[in-house]
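For the record, the sequence lines run as chains G, Y, P, H, C and E.
Under the working numbering, residues 975 to 1410 are what the first sequence spells out, in order.
Under the working numbering, residues 975 to 1410 are what the second sequence spells out, in order.
Under the working numbering, residues 975 to 1410 are what the third sequence spells out, in order.
Under the working numbering, residues 3 to 114 are what the fourth sequence spells out, in order.
Under the working numbering, residues 3 to 114 are what the fifth sequence spells out, in order.
Under the working numbering, residues 3 to 114 are what the sixth sequence spells out, in order.
Built from N, CA and C at the ideal position, the CB exists for glycine as well.
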Amino acid sequence: MTGSFNPADTVWVLVSAGLVLLMTPGLALFYGGMVRAKSVLNMIMMSFFTMGIVTLLWVLYGYSMAFGTDVGLGLLGGFSDLGLRSAITSFVGAPGHEIPELAFVMFQLTFAIITAALLSGAIADRTRFRAWGVFVAIWATLVYFPIAHWAFAGDGWMIGRLHALDFAGGTAVEITSGASSLALALVLGPRLGWKRDPMRPHNLPLVLLGAGLLWFGWFGFNAGSALTATPLAATAMMNTQIATAMGALAWVATERVRDGHATTLGIASGAVAGAVAITPACGFVTPLGALLVGLVAGFVCSMAVGLKYRYGYDDSLDVVGVHMVGGLVGMILIGILATVLVNPGGADGLLAGGGLGQLWRQCVASAVTLAYAFGVTYLIARGVDRLVGFRLSPDDEMAGVDVVTHAESAYDFVGASGSIIATTHPLRGPIHPEEH
Amino acid sequence: MTGSFNPADTVWVLVSAGLVLLMTPGLALFYGGMVRAKSVLNMIMMSFFTMGIVTLLWVLYGYSMAFGTDVGLGLLGGFSDLGLRSAITSFVGAPGHEIPELAFVMFQLTFAIITAALLSGAIADRTRFRAWGVFVAIWATLVYFPIAHWAFAGDGWMIGRLHALDFAGGTAVEITSGASSLALALVLGPRLGWKRDPMRPHNLPLVLLGAGLLWFGWFGFNAGSALTATPLAATAMMNTQIATAMGALAWVATERVRDGHATTLGIASGAVAGAVAITPACGFVTPLGALLVGLVAGFVCSMAVGLKYRYGYDDSLDVVGVHMVGGLVGMILIGILATVLVNPGGADGLLAGGGLGQLWRQCVASAVTLAYAFGVTYLIARGVDRLVGFRLSPDDEMAGVDVVTHAESAYDFVGASGSIIATTHPLRGPIHPEEH
Amino acid sequence: MTGSFNPADTVWVLVSAGLVLLMTPGLALFYGGMVRAKSVLNMIMMSFFTMGIVTLLWVLYGYSMAFGTDVGLGLLGGFSDLGLRSAITSFVGAPGHEIPELAFVMFQLTFAIITAALLSGAIADRTRFRAWGVFVAIWATLVYFPIAHWAFAGDGWMIGRLHALDFAGGTAVEITSGASSLALALVLGPRLGWKRDPMRPHNLPLVLLGAGLLWFGWFGFNAGSALTATPLAATAMMNTQIATAMGALAWVATERVRDGHATTLGIASGAVAGAVAITPACGFVTPLGALLVGLVAGFVCSMAVGLKYRYGYDDSLDVVGVHMVGGLVGMILIGILATVLVNPGGADGLLAGGGLGQLWRQCVASAVTLAYAFGVTYLIARGVDRLVGFRLSPDDEMAGVDVVTHAESAYDFVGASGSIIATTHPLRGPIHPEEH
Amino acid sequence: MKLITAIIKPHMLEAVKSAVREYGIEGMTVSEASGYGRQGGHTEVYRGAEYQVDLVPKVRLELVVQAEQVEELIQVIADAARTGRIGDGKIWVIPVDSVVRVRTGERDTEAV
Amino acid sequence: MKLITAIIKPHMLEAVKSAVREYGIEGMTVSEASGYGRQGGHTEVYRGAEYQVDLVPKVRLELVVQAEQVEELIQVIADAARTGRIGDGKIWVIPVDSVVRVRTGERDTEAV
Amino acid sequence: MKLITAIIKPHMLEAVKSAVREYGIEGMTVSEASGYGRQGGHTEVYRGAEYQVDLVPKVRLELVVQAEQVEELIQVIADAARTGRIGDGKIWVIPVDSVVRVRTGERDTEAV
Ligand SMILES: Nc1ncnc2c1ncn2[C@@H]1O[C@H](COP(=O)(O)OP(=O)(O)O)[C@@H](O)[C@H]1O
Ligand SMILES: Nc1ncnc2c1ncn2[C@@H]1O[C@H](COP(=O)(O)OP(=O)(O)O)[C@@H](O)[C@H]1O
Ligand SMILES: Nc1ncnc2c1ncn2[C@@H]1O[C@H](COP(=O)(O)OP(=O)(O)O)[C@@H](O)[C@H]1O
């Protein structure tokens, strides 16, 4: 049990795992605040349920499928570590940077959870909860676990053979969730009254709270992906902060010009877009590179979220426009901005004189991920729809999934003294009442 | 000042202390969302006040009572470190894993705070705030500090003599808070209109936010209790995640079958139940063991919260059903599932061939804790009730403790444009307005 | 890249940076809950925008202005590290405690962000958002970056020449934000209807959530300022907890006596006041010293927030009363309570036999900071007001800045089943329905 | 037809609803209101600044009924809503020209 | 003048508003209400404890109009608000003595 | 007896309340409402999608008073609620058959 391991790296990975875990409740609130008050609980429930079911699958076979010994060609991990039996006493990591394997298992689990939870944003307000439960289990098994192997396992084809660069999951997390969401949105079809009825966020402070927790947790996501407490982790963290901030600025600047108003939903969305785009890139680009990544992501994503109106898919909370598009932005910009000055284990992109090679590898990795995730998710969603029925009945959708499915109301402010009309007038301030 | 200490372990304990401290505001929101809108502030106030008063007592004499040199028989720490004078420059921990004593003092303080704050859940809506203030100070002194000595100090009787296993406070935190809550609920009696009037949660997103913060903080609670950045910490963290997730799944599965609906309050409650049960066990069982602990806890606790209706005690927010019962589940399952493969400092339980010995020790430790906490709390509560009066007047209780006691209203949404009925219709989406 | 650095210290600083970053969303909610429902989004927006713009400036030139090689007399850092080019591969810190420079850049960035964001509290409800954007960029450049050099850079005059003690920013963060807020409040003038119309907090649970996040993040702020994972960090963390808790207790005790009610807004305010005051002192005083600092700060600040009514400046959310006054309390008490027993790099204050020397240095540092921040901010604010117009039109202010400027409503609870009047009656509890 | 409007204390709603149902009325409309009257409000304090809140939470009931039921219903409602304390509320009766059930278009007596 | 009060389903508000505007009425007052009637409520469950919520969300419209518009408007509103399901709501009409526009002090016909 | 209903701008409530109290009326019932009328609404934008919100926040006052007070009270309320801008609101008066004070059962003039 006291084999050779690096205690500082171990702390860093454990802390990072905690931070990433927190992102899913953060996402639940971020999403929950954006839907109407009659389905906020369902939105949160989809995330929390995902925390449960994906953990179960991960322990049983998911970790093994993603990180077990490769079955060949870098396509899938084998079933060598079912039930995490051997992980208790072993270590993983580069020489001198070994950490307890369970720390790595835990860290990677939190990625699996949030990737799956992200999908719920595409299908707000109209999903039968039991269908979500079945879907997410199959989806994690057939879509996420394999792609995680490609992108995160040393012997996965994307990293080990293609030599694409993806520091923290631009493919496995962002493009995967975005492309899968597109498939889901297409299978489920738009919400009743979409484009006609008001569907504005019911609780924006909740959205901003969620965004704050996501921002915080993303440091674990990105800098934790260094898996070591080294300058690389510091660079990844700094770059994450920069791109997130720039995404926020670029989004609100865009909407200030385009719509005439800088919005809080916009600044939150832009922050997420920036963080998404820097996810694959944070360990390969300079701070000024990260600045550019964030700016591009904020602008491009703020435009991309309008595509759904044009093409008629109701990706309700813009998983496609933010995560798929943002992930693509980041993956591609690596091919342009990466430099080995930042990370000797990386590569030089176009601007650093590395030619088009890395850019090509980035595109291949992105395209394969996108195609696989979209295709398989589409088939799974169709299957689940046929077997279980993916959509609520129109009546239930109108009444609201919270009450119908979960038998709960999110809020009950009635009768509290603050909910009445109250003309109040200050009587006195402290200390010097006579001054009033 | 630069004595011999392990810096990685120090970081881990400091971070963990921060995480556990965050649990109490998390608990405040978790509890606050569950009560009616007219008493949410009082609920939150009880937690925050506890953060204040327990910190004061801890500095003055609490740490000394819990971790000062044993006065004999492992019953209580002495008054050797009043005011934390000597802790500034000393170190504690196993050889090679020493940490600054103040890191340990801080870490343990956060346990004292949350244990005391947990009790407020039993007495929602009806408690005189001044009585809570007096009660919690006496309770920490007479109930928590001694039991913390038994369970957490190396020379406490439970660990040092009985050799019961309790990794992170199944006895001192969970059973203690649950049993004390039962006593409190009995002394105060049920809320006016209990079982008759609607008492549904007024803000479930707040509850789920609280649950998310608790989940996050629990990693510090459990994995931090390793006090070292070792594989044991990783195991404890992984097990915490697994059991929490399984508790969540088991609870909603139970209510889906029993009540016909999976609820967000249920999934939050199940997560807490799973985390409670794994608290004592996380450093002694395998991941598959943790899976079982979580499932059992989720199921048993989801049934146990109904007992109050049967036996007529208004444990308003189910501290008994979740913490006492969950703590017992965890303590007992250690006796069955523990294995020295996970922790050489632990023991083998029944299934690992260790016989009934450990199970017996677990039961003794649990029973003594339960009896002591219940009995002494009952006496303190009776005393406080007699001296200060524990309950609000019926009129004040009806009007709502927030306004009456704290002279505040939790919410004032009146007049905000979002609080009006607003039929809105989308004019145009971004980029392609004409498409609408 | 793998130069000599201390991995544990690196982890600690990275984690601390994450914690401090989280404080700004926490502040956004803390502030947002305190204003009326019609301007909560604007309040949050000011903080999030600050996260964006200050990050940008920091990368471009801010870090260099604060921590670049001193241009002379300790007044300002030079422009030696624009764009963070050299920081990627270098290390900073005492021998044996080097950390990657980007970790330090990141850590210090989070201080710059929150200090700027704090100012928004003084000008709630009435500020043109574009003016805030312009103002905060100029303010960071002319006020914060220089003062950060004075107080945090080894060659800054305050630390390097005057030898004032300020562990984590009592001058650069607290007094600076407070004094600047006073200037801002004077330039903008009071809200329409101030002292006449009701301006009570619209969402106190949000305020308390924000306070909880601030409390949590403050550990990174203060203990992280040790920049090493040493006993000094542990002491700083313990002292932060103690003073925060004591501030909370002292504030509610004061208002219980003065106003007759202990309030949740009071306990949150007191916690912040205590944390503010211990910020400069946490690495120099004993736990009992911290206890005193917290008590004094809680009492003094709870009185100081009434001064605005007397002198007629509408410092809406009491940045002056809490941060300026609290910062002064902490700075001055260092001169009285500091002891080299806690920190050999510190000094002995009055009570430790150090005479009046240190007290004098504390007063000089505080006074210069206060005067510079107030004066320069006043000029900037006047300039921005003239060029851009700092205040909303009266009509816009009445209608609410959220809708007018950001084209958003914070909440829309209408039509959710929980927002209706609902008499509910329990049908049955679980397990034993017949018991009801 | 007549419209009975009753302003009552929120926590008496359940009792009044039961009483009305028992009397044989199967429909009514309920809404939130705030009352200003003899019953005082309360004081709130935020960072030492005191506010006087002089409105108190009330519930408004509206029942369209036949004219001959009015007197009895007033009694039923008043009895159920009474606590004997100041602020129990008011009931007033207004003449109604006609009532329509939206679903069917039925009028007056058939409509309620 | 007459006061038309209509209790309708919340999601029919947009349709009714359009219909009324088309008819030529340019003003009305809208508020939230809860309805009790034939249309049932729903059940909620919290930690196994079931609650019956027997009020359903409604919207109340108030329109002060000229007496001769009443019959047509009832038709317009009822048609727009009808889904054919139980709970579509009620419309009732009350005589109004006089109406004033606050801004100008105009009365009755000029006031609406 | 008469029922005066006034729809006013929310921030004029305090002024109207004072004026009414000064006139000698000691009770009224207040509720939230949304107004649709000449006064426009506002636009909101969420991720580039614009919404037109065409209702504006209003407050509804209800006062049951003696018939002879009506004209004066209309004046008092209108004067206090007037800003001179579009959207100041309406006041209408409805005949009331009878009023009851729940607490005592008193009727009509004694009830208010
Ligand atoms: N003249 C009035 N017109 C309309 N509503 C009134 C009037 N007077 C009182 N009310 C309503 O009745 C409620 C109870 O009145 P109040 O004077 O407090 O007590 P009580 O009716 O018991 O004497 C008030 O809160 C208000 O909602
Ligand atoms: N007697 C009544 N007085 C006032 N409002 C009523 C009355 N009866 C019904 N309502 C209102 O009309 C709504 C619809 O009535 P309901 O009986 O559910 O359906 P329907 O009118 O289609 O038969 C109710 O929710 C309630 O708001
Ligand atoms: N016909 C009506 N019936 C009922 N309420 C009305 C009517 N017309 C207007 N209102 C109410 O009066 C308010 C003010 O009316 P509006 O036309 O905007 O301004 P003004 O009365 O100053 O001309 C509206 O918001 C609405 O609440």
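Where does residue i sit, in a helix, a strand or coil, going by DSSP?
| i | result |
| --- | --- |
| I1405 (chain P) | No answer about I1405 (chain P) holds up, because its pLDDT of 43 lies below 50 and its placement is not dependable. |
| N1196 (chain Y) | helix |
| I27 (chain E) | coil |
| Y95 (chain E) | One point to set straight first is that residue 95 (chain E) is Val, not Tyr, in the sequence displayed. V95 (chain E) falls in the strand class under three-state DSSP. |
| A1127 (chain G) | coil |
| G86 (chain C) | coil |
| Y1005 (chain P) | helix |
| F1065 (chain G) | strand |
| T1313 (chain Y) | coil |
| V102 (chain C) | strand |
| R1365 (chain P) | strand |
Cβ of residue i less than 8 Å from any chain Y Cβ?
| i | result |
| --- | --- |
| T85 (chain H) | no |
| D1288 (chain P) | no |
| I1062 (chain G) | yes |
From the DSSP secondary-structure annotation, give me the bridge partner or partners of residue i.
| i | result |
| --- | --- |
| Y48 (chain C) | C:A51 |
| L63 (chain C) | C:A8 and C:V32 |
| Y1385 (chain Y) | P:N1177 |
| V58 (chain H) | H:G37 |
| G1074 (chain P) | A small fix is needed here, since residue 1074 (chain P) is Pro in this sequence, not Gly. P1074 (chain P) pairs with P:F1065. |
| R109 (chain H) | H:V102 |
Assuming residue i contacts residue j under a Cβ cut-off of 8 Å, what Cβ separation, rounded to an integer in Å, is found between them?
| i | j | result |
| --- | --- | --- |
| A1153 (chain G) | L1344 (chain G) | 5 Å |
| P999 (chain P) | L1166 (chain P) | Contact flag wrong, Cβ pair sits at about 29 Å. |
| A991 (chain G) | F1126 (chain G) | With 8 Å as the limit, A991 (chain G) and F1126 (chain G) do not qualify as a contact, their Cβ atoms being about 14 Å apart. |
Quick check: is the beta carbon of residue i nearer than 8 Å to any beta carbon in chain C?
| i | result |
| --- | --- |
| E34 (chain E) | yes |
| P59 (chain H) | no |
| T1237 (chain Y) | yes |
Is residue i close to chain P, meaning its C-beta is less than 8 Å from at least one C-beta of that chain?
| i | result |
| --- | --- |
| G50 (chain H) | yes |
| M1212 (chain G) | yes |
Answer yes or no: does any C-beta atom of chain G fall closer than 8 Å to that of residue i?
| i | result |
| --- | --- |
| E70 (chain C) | no |
Under 8 Å between C-beta atoms, does residue i make it to chain H?
| i | result |
| --- | --- |
| S20 (chain E) | no |
| G29 (chain E) | yes |
For ligand 1, which residues count as neighbours when the test is a C-beta closer than 7 Å to any heavy atom? H:I9, H:A35, H:G37, H:Y38, H:G39, H:R40, H:Q41, H:V58, H:K60, H:I88, H:G89, H:D90, H:G91, H:K92, E:I27, E:E28, E:G29, E:M30, E:T31, E:E64, E:L65, E:V66, E:V67, E:R103, E:V104, E:R105 and E:V114
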